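Residue numbers (this note's numbering): 0 to 203.
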């Protein structure tokens, strides 16, 4: 995983670890003051607290490589697709699956985040990773459609590089070169590897 991408993941994790409960508590307090939905408020807070606890537990278990942890993580993600903690678990589940060459599981986990995440950065990160897995499965058209979607600026370089990889694999040299050049312009941290790819394309 690229360092820049890893930093994006860590920022998402840290934000929700530090502020997630406070945000939920703020929503709960606001609803309580204005609408008096005490039961709803309490249920929402308890749901988020359970999700946070499950996230911490599943993260630790997945790191240990337990097969039972994989099943538990899949169930947690399936039952809570719109919960940000479940989405973070899905990202880790996908990484765990890729490391074990279980690409089908990775696709399912990442697709759930792409489909359900309200946070555009979370969705973009999952889209980039899903595209990489689809490339590994030789599903190039599906991967290309993902990276050509509008994404936040922080992910533009990753998307353009992957677009170049796909187009080069498909034999579209000129289009691949243009995509790599866009990626070069998007971020200095990507420049060395991208320049090598760009140089490898023989001009027609």
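Note that CB positions come from ideal geometry on N, CA and C, so glycine has one too.
All values reported here derive from a predicted model rather than from experimental measurement.
Please identify the residue among the options whose C-alpha is closest to the C-alpha of residue i.
i           : options            : result
residue 113 : 130, 100, 101      : 130
residue 166 : 142, 60, 103, 186  : 142
residue 204 : 169, 122, 149, 126 : The requested residue 204 does not occur in the structure, where the chain is confined to residues 0 to 203.
residue 186 : 153, 122, 52       : 153
residue 122 : 184, 76, 86        : 86
At what residues does the alpha helix (DSSP H) containing residue i begin and finish?
i           : result
residue 254 : The requested residue 254 is not part of the displayed model; the chain covers only 0 to 203.
residue 82  : Where residue 82 is concerned, there is no enclosing alpha helix (DSSP H), given that its DSSP letter is neither H nor E.
residue 110 : 102-115
residue 196 : 190-199
residue 153 : No alpha helix (DSSP H) holds residue 153; DSSP gives it neither H nor E.
residue 140 : 139-146
residue 128 : 119-135
I need the straight-line Cα distance from residue i to residue j, nearest angstrom please.
i           : j           : result
residue 191 : residue 171 : 22 Å
residue 118 : residue 68  : 26 Å
residue 136 : residue 160 : 18 Å
residue 178 : residue 98  : 28 Å
residue 199 : residue 162 : 16 Å
residue 180 : residue 101 : 33 Å
residue 116 : residue 176 : 32 Å
residue 57  : residue 70  : 10 Å
residue 124 : residue 110 : 11 Å
residue 151 : residue 120 : 7 Å
residue 107 : residue 128 : 12 Å
residue 78  : residue 65  : 20 Å
residue 194 : residue 182 : 10 Å
residue 59  : residue 82  : 19 Å
residue 55  : residue 174 : 43 Å
residue 74  : residue 196 : 40 Å
Do residue i and residue j have their C-beta atoms closer together than 7 Å?
i           : j           : result
residue 92  : residue 72  : yes
residue 155 : residue 146 : no
residue 95  : residue 61  : yes
residue 126 : residue 84  : no
Using 7 Å as the limit for Cβ to Cβ distance, is residue i near chain D?
i           : result
residue 101 : No chain D is part of this structure, which consists of one protein chain only.
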